[in-house]
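Undergrad: Numbered according to this note's numbering, the sequence shown spans residues -11 to 640.
From the three backbone atoms N, C-alpha and C, an ideal C-beta is built for every residue, glycine too.
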Amino acid sequence: MGIHTFDLIVYGGTPSGMAAAIAASRSGKRTLLLEPSSHMGGMMTGGLGRTDIRSLESSGGIFREFAEGIVKHYTEKYGPDSDQAKACNRGLWFEPHAAMKVLMEMLERERHLTFRSQAVLEQAETEGTSLRRITIVHRNEGERLVYEGRQFIDATYEGDLAAKAGVPYRTGRESRDEWGEEYAGKLYMDFHPSKEVFPGSTGEGDERIQAYNFRLCLTDRPDNRIAFSKPEAYERERYVSLLDDVKEGRVRSIRDVLNILPVPNQKTDSNNHHYCMCSSDWPEENDDYIEADPEAREEIVKRHRGYVEGLLWFLQHDAELPESFREDASRWGHAADEFAGNGHFPPQLYVREARRIEGEYVFTENDARLAPGMARAPLHADSVAIGDYPIDSHATQKREEAGRNLALEGFLALPWLTAVYQIPYGCIVPKRVDRLLVPTAVSATHMGFGTIRMEPVWLQLGYAAGIAAALCLDGGCEPRTLSVDRLQDELLAIGHRITYFHDASAYTVPGVDALAQKGAEYFGAKGWFDGYTASLEERVTVKEASALIAIARSLDGGSGLPVLPASPDLLPAGVDMGPRLPKTEVPPADQWQAQPHVPSRLARVWLAAVERAWGVAGTVWPREDEAYVIRGTLLASLYERLRMRRQAGGQR
């Protein structure tokens, strides 16, 4: 049978897996990407065409690269002023085939990357704590191959490789008490703007998970429309509760059953409707999916497809629905130019939640909310990505009386509480198993996972995992012992984001210096900012500068960093100090109190001392024509030299 060897093996052709493979390939590593199904790209190519993100500005370089590819696709095909180019909304909204084109082109450009689909994991082998090799069944060829990797990444939605390798994991929901999460556990929340919480919301934990569905690419264009078909196992009783909803005015049209949102070319990303008690989500019917074998999972996917097809048929054909309702619903059909090989139906089941590994850090609801006493979410020194989507969860139970026809148990959203947050590296580093990173089935609670579980975030985490694996290969270390600072250097160098500021993005804020932004993000992760405003053009105080230097000295490469000169009256060598009676002068502490900002001349003296101590030569200096140093210059100059020292192998 033989063993096929690669530097890095990525299992799971999700966006996270694609990003991981691309990152490692760009780092010169021989990389293998394996996808168990015939469908590459997961949900991004499977119908989820309306990106779940609140701001493009919070996204890292790899998602921006994808979004720019989408814009390029529509601009080149239809023209820059076309309806399609405008409708793609800066690359955030797209048709499934457009996403597939862009992602596959990104993969195909990588000369160190091999990718194969229909590659199903059969076995994972460890030696001691290290994952060494995997056995894959290639369905297309009918062969079984063994692959040995120096590093591995599990990018599946289900965490299958991690589980096979022996990584501990959790499923279901934690109670409120377990991690101190306000909205954890059993909850009945009205999804309408009031977000009222109903009685019965006891916060107890259980094994329930979010409902799955399909994101449908529909159209009402007659020339591109395929009629819905009645599934073989049609069960009308699944949908009859909608009849009362229609009679009582809760549901007036198909748009109250499905959340139908436009993407280019008069198509849709049609999702479960938040206000409807019987929509395309199918709570409880996925309970066995996580631990099922591939064949059993395929049966669950088939049943979910039948449920959704039955819902669509019911909305158009059930005789007890008003004729006007049915006529309106009949305007819609599947897009004829999407998913042709799968009956124009999305091939990817929306696995919103499955296994969540136990990692070096557990991300919770509290990590995505404002930290007590701070004006931003909690800071993580090992941040490797940013998230910006409200904490939410789809239903975990079907319709029941306690929901009052307004709430499905477990369905919630916290947009007014969720802040832009950092995701620590520890979330993707599994316990017990080495040579493995897990950027999709991350270490999080049910509530924490409810915001991380978005494709733009997974793209960023996948890319970070790919860079981390490459650094481990270069340094001969394990992911859990990798210098996070060196990982952050690599990520920041390619436009990845690790700390969010409203006013410090070189992508969106004119005049922001790129190195100053990187310095702000790096030192922001280390605790130098307590809010979302960087104010890089403001003068920096000596108190702020001294605190920054103290932080930097504790970081990788920061040992031996000199402190600021204590006196604001420091004279250059060669200038006569006398005559002088220093004990009669205003003490330096009082001088700094009266004039608290760092003089540019003093900063230049300090930076020269830094370069002598560290043996580096930077390019960023305070300007001689400015009396005082601005915050951006200080951050850029210190970060540049600290990064250079790390690159030169300076002491930790």
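Can you round the beta-carbon distance between V668 and L204 to whole angstroms, since I take them to be within the 8 angstroms contact cut?
TA: Past the boundaries of the shown model lies residue 668; the chain is included only from -11 to 640, so the question cannot be answered.
Undergrad: By how many angstroms is the C-alpha of E115 removed from the C-alpha of R52?
TA: Their backbone Cα atoms lie some 39 angstroms apart in a straight line.
Undergrad: Measuring alpha carbon to alpha carbon, tell me which residue in R600, T384, E443 and V586 is nearest L623.
TA: Of the listed residues, the one whose Cα sits closest to L623 is V586.
Undergrad: Give me the residue from P252, T572 and V134 with the minimum Cα distance to T63.
TA: Taking only the C-alpha atoms, the option nearest T63 is P252.
Undergrad: Suppose you measure from the CA of L480 to the CA of D178; what does that come to, to the nearest Å?
TA: Answer to the nearest angstrom: the Cα atoms are 41 angstroms apart.
Undergrad: Taking the C-alpha atoms as reference points, what is the distance between A432 and K419?
TA: In a straight line, the C-alpha of A432 is about 13 angstroms away from that of K419.
Undergrad: Does DSSP classify H27 as helix, strand or coil?
TA: Correct three-state label for H27: coil.
Undergrad: Which term fits H322, buried or exposed, when burial requires 16 or more other beta carbons within 10 angstroms of its beta carbon?
TA: That one is buried.
Undergrad: Return the chain-ordered list of same chain residues with a C-beta closer than 7 angstroms to the C-beta of V417, the five sequence neighbours on each side being excluded.
TA: Excluding residues within five positions, the ones whose Cβ falls inside 7 angstroms are G347, E348, L425, P467 and R468.
Undergrad: State yes or no: is the C-beta of P360 within less than 9 angstroms of the C-beta of H27?
TA: Going by C-beta atoms, P360 is not nearer than 9 angstroms to H27.
Undergrad: Whose CA, out of R340, I278 and A324, lies closest to the CA of L36?
TA: Nearest option by C-alpha distance: R340.
Undergrad: Could you name the residues that DSSP lists as bridge partners for M92?
TA: According to DSSP, which records beta bridges pairwise, M92 is partnered with nothing at all.
Undergrad: Between which two residues does the alpha helix (DSSP H) harbouring A8 extend?
TA: Counting along the chain, the alpha helix (DSSP H) containing A8 begins and ends at P3 to R14.
Undergrad: Does the segment 440 to 459 come within contact of the segment 519 to 532, defined as at least 3 CB pairs closer than 8 angstroms?
TA: No: the two stretches stay apart, fewer than three of their Cβ pairs being nearer than 8 angstroms.
Undergrad: Check K74 in the structure and name its three-state DSSP category.
TA: Helix, per DSSP.
Undergrad: Look at I124 and V134 and say whether their C-beta atoms are less than 9 angstroms apart.
TA: It is a contact, given that the beta carbons lie within the stated cut-off.
Undergrad: Please state whether the Cβ-Cβ distance between A504 and T607 is less than 9 angstroms.
TA: Taking 9 angstroms as the Cβ cut-off, A504 and T607 do not qualify as a contacting pair.
Undergrad: Whether or not the segment 202 to 217 and the segment 316 to 332 are in contact is what I'm after, with contact meaning three or more pairs of Cβ atoms, one per stretch, closer than 8 angstroms; do they touch?
TA: Output reads yes: the segment 202 to 217 touches the segment 316 to 332.
Undergrad: According to DSSP, is V617 part of a helix, a strand, or is it coil?
TA: Coil.
Undergrad: Helix, strand or coil, according to DSSP, for N259 in the structure here?
TA: Correct three-state label for N259: strand.
Undergrad: Quick check on W81: does DSSP put it in helix, strand or coil?
TA: Here W81 sits in strand by DSSP.
Undergrad: Whole-angstrom Cβ separation of A554 and P570, contact assumed at under 8 angstroms?
TA: Contact doesn't hold; Cβ gap of about 12 angstroms is too wide.
Undergrad: From what residue to what residue does the alpha helix (DSSP H) around R474 run?
TA: Note, R474: alpha helix (DSSP H), V472 to A481.
Undergrad: Should D165 go down as buried or exposed, given a rule of 16 or more other Cβ atoms within 10 Å for buried?
TA: D165 comes out exposed.
Undergrad: One question on the structure: do D233 and N77 come within less than 9 angstroms of each other, judged by their Cβ atoms?
TA: Not in contact: D233 and N77 (Cβ atoms no closer than 9 angstroms).
Undergrad: For N274, which residues in the same chain have their Cβ closer than 7 angstroms to its Cβ, ignoring the five residues on either side in sequence?
TA: The residues are I197, A199, Y200 and I288.
Undergrad: Taking the beta strand (DSSP E) that D462 falls in, what are its first and last residues?
TA: First-last for D462: E443 to G463, but that is the alpha helix (DSSP H), not the beta strand (DSSP E).
Undergrad: W404: which of I618, D380 and C415 sits nearest, CA to CA?
TA: Per the Cα distances, D380.
Undergrad: Give a yes or no on contact between the segment 214 to 225 and the segment 255 to 270, applying the rule of three or more CB pairs nearer than 8 angstroms.
TA: No, because fewer than three Cβ pairs between the segment 214 to 225 and the segment 255 to 270 fall closer than 8 angstroms, the two stretches do not touch.
Undergrad: Excluding the 5 residues preceding and the 5 following M632 in the sequence, name in chain order all residues of the same chain whose CB lies nearer than 7 angstroms to its CB.
TA: V604 and G606.
Undergrad: Pull up the CB-CB distance for R161 and H434, whole angstroms please, since I reckon it's below 8 angstroms.
TA: Yes, they are in contact, since the Cβ atoms of R161 and H434 sit about 4 angstroms apart, within 8 angstroms.
Undergrad: For V104, which residues in the same chain have their Cβ closer than 8 angstroms to its Cβ, ignoring the five residues on either side in sequence?
TA: For the record, residue 104 in the displayed sequence is Arg; it is not Val. L20, L21, L22, E23 and H126.
Undergrad: When DSSP builds the beta bridges, which residues end up paired with A597?
TA: DSSP, once it has assigned bridges, lists no residue as partnering A597.
Undergrad: Could you tell me which of P550, D473, R611 and I482 sits nearest to K514, measuring between CA atoms?
TA: Closest by alpha carbon: D473.
Undergrad: Would you say the segment 36 to 49 touches the segment 65 to 83, given that touching needs at least three Cβ pairs under 8 angstroms?
TA: These segments touch.
Undergrad: Enumerate in chain order the residues of its own chain whose CB-to-CB distance from I539 is below 7 angstroms, with the five nearest sequence positions on each side excluded.
TA: Cβ neighbours of I539 beyond the five flanking positions: F511, K514, G515 and W516.
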